[in-house]
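Student: Following this note's numbering, the residues of the sequence shown are numbered contiguously, the last one being 265. We put the beta carbon where it would ideally sit given N, CA and C, even for glycine.
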Amino acid sequence: MRLTTLRLPGRTAAARVDGDRAVELAGYADVGEVLRRGALADVATAPGPDHDLAGADLAPVVTAPGKIVCVGLNYRNHILEMGRELPEYPTLFTKYPDALIGPRDDIQVPPESEKIDWEAELAVVIGHTVRRARGEEARAAVAGYTVLNDVTMRDWQYRTPQWFQGKSWENSTPVGPVFVTPDELTEDAAMTTEVDGEEVQRTPINDLVHDVPALVEYVSTIFTLRPGDIIATGTPGGVGHARKPPRYLQPGQTLTTRIEGIGELVNRAVAEELT
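In structure tokens, the structure reads:
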């Protein structure tokens, strides 16, 4: 099953994706609400108003997740390009919901940063409340997946050993276009990033040091994971900061982030207008 979240006049609404149509799901403001109410099975065949998916205004699939947990240095080829050793434990940081934008929204380029980088990521969406999950419980806690780009202000990230300040700028992190249940996704699906049509990242999503169940186990040991929470699983090689010379996203450029079986984010970088 494939779900998305529509922006409609004065509200948002979860919708089921049937081909090129989005069927509005009455009573659910976003995909997160579907999950919190344990309603995945209920919405699989629910009727509702029909929308053209191609022309729809799409919000982040979960508009206000309680937690956005991100994993750094989790793809082997990215770890090597950054000159680091494979980590024994996941490197974690967080974002706030204010960072999230829709799959077709503009990325706001802040005037305070000159080193804005791309990081394609497979994002896990939690479907069941779990604490200290192990084994099959951790696997079953995953409701599905979506696409995320952890757009990073590298000059701010590396001001200190703590990465958070470069990772959670407002209106910087596209997520979507849809949420897919695990049966929709092959374990070696290709993840790619393009900048103005030039491919800069390509890696199968299973090239992880810490796989998805291991991440759910680790994160849920620290705190409870709840329906609608997001875990971004890390980015592969090909980031701009590791290139020689480095390359960064500029206003006017278009960032396309794609995972086979889910879909693509298409986001233009624009200079933030200060008020």
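According to DSSP, simplified to helix, strand and coil, what is Lys157?
Tutor: helix
Student: Can you name the residues that DSSP bridges to Gly215?
Tutor: Looking at the sequence shown, residue 215 is not Gly but Leu. DSSP lists Val120 as partners of Leu215.
Student: So, helix, strand or coil for His41, using DSSP?
Tutor: strand
Student: Could you have a look at Pro241 and say whether DSSP puts it in helix, strand or coil?
Tutor: coil
Student: I need the straight-line Cα distance from Gly73 to Arg66, nearest angstrom please.
Tutor: 11 Å
Student: Considering only DSSP beta bridges, list what Gly166 is partnered with.
Tutor: Val137
Student: Whole angstroms are fine: how far does the CA of Gly166 sit from the CA of Gly251?
Tutor: 12 Å
Student: Given this structure, state the Cα-to-Cα distance separating Trp153 from Ser162, to the nearest angstrom.
Tutor: 15 Å
Student: Select from Tyr79, Gln191, His118, Leu48 the residue whose C-alpha is nearest the C-alpha of Thr(-6).
Tutor: Leu48
Student: Drop a sphere of 10 angstroms on the beta-carbon of Ala180, count the other beta-carbons inside from all chains shown, and report buried for 16 or more, exposed for fewer.
Tutor: Answer is exposed; the Cβ neighbour count stays below 16.
Student: Report the option in Thr119, Cys60, Phe213 whose CA atom is closest to the CA atom of Arg129.
Tutor: Comparing alpha carbon positions, the residue from Thr119, Cys60, Phe213 closest to Arg129 is Thr119.
Student: Given that a residue counts as buried once 16 or more other Cβ atoms are within 10 Å of its Cβ, and exposed if not, what is Ala3?
Tutor: buried
Student: Which of helix, strand or coil does DSSP assign to Gln147?
Tutor: helix
Student: Taking three-plus beta-carbon pairs below 8 Å as touching, is the segment 179 to 199 in contact with the segment 145 to 159?
Tutor: no
Student: Should Ala222 and Val61 be called a contact, given that it needs their Cβ atoms to be closer than 8 Å?
Tutor: yes
Student: Within the chosen definition, does the segment 242 to 259 reach the segment 85 to 101 through at least 3 CB pairs nearer than 8 Å?
Tutor: Using a C-beta cut-off of 8 Å, the segment 242 to 259 makes contact with the segment 85 to 101, since at least three inter-stretch Cβ pairs fall below that distance.
Student: Over the uninterrupted beta strand (DSSP E) stretch that includes Gly62, give me the two end residues.
Tutor: 58 to 62
Student: For Tyr148, which residues of its own chain have a beta-carbon under 8 Å away from its beta-carbon, when the five flanking residues on both sides are left out?
Tutor: Taken in chain order, the residues that qualify are Gly156.
Student: Taking the beta strand (DSSP E) that Val33 falls in, what are its first and last residues?
Tutor: It is not in any beta strand (DSSP E) - Val33 instead sits in the alpha helix (DSSP H) that spans 30 to 33.
Student: Where do the ends of the alpha helix (DSSP H) carrying Val229 lie?
Tutor: Run containing Val229: none; DSSP gives neither H nor E here.
Student: On the criterion of 16 or more Cβ atoms from any shown chain inside 10 Å, does Gln240 qualify as buried, or is it exposed?
Tutor: exposed
Student: Let me make sure I understand the geometry here. Which of Phe169, Asn196, Gln191 has the alpha-carbon closest to that of Asp178?
Tutor: When each option's Cα is compared against that of Asp178, the closest is Asn196.
Student: Taking the DSSP output, what are the residues bridged to Lys85?
Tutor: Ile58
Student: Shorter than 8 Å from the beta carbon of Thr163 to some beta carbon of chain C?
Tutor: Going by chain labels, chain C is absent from the structure shown, which holds only one protein chain.
Student: Let me make sure I understand the geometry here. Which of Gln191, Leu(-4), Ala110, Val59 has the alpha-carbon closest to that of Phe83?
Tutor: Val59
Student: Candidates Leu25, Pro164, Tyr208: which alpha carbon is nearest Gln98's?
Tutor: Pro164
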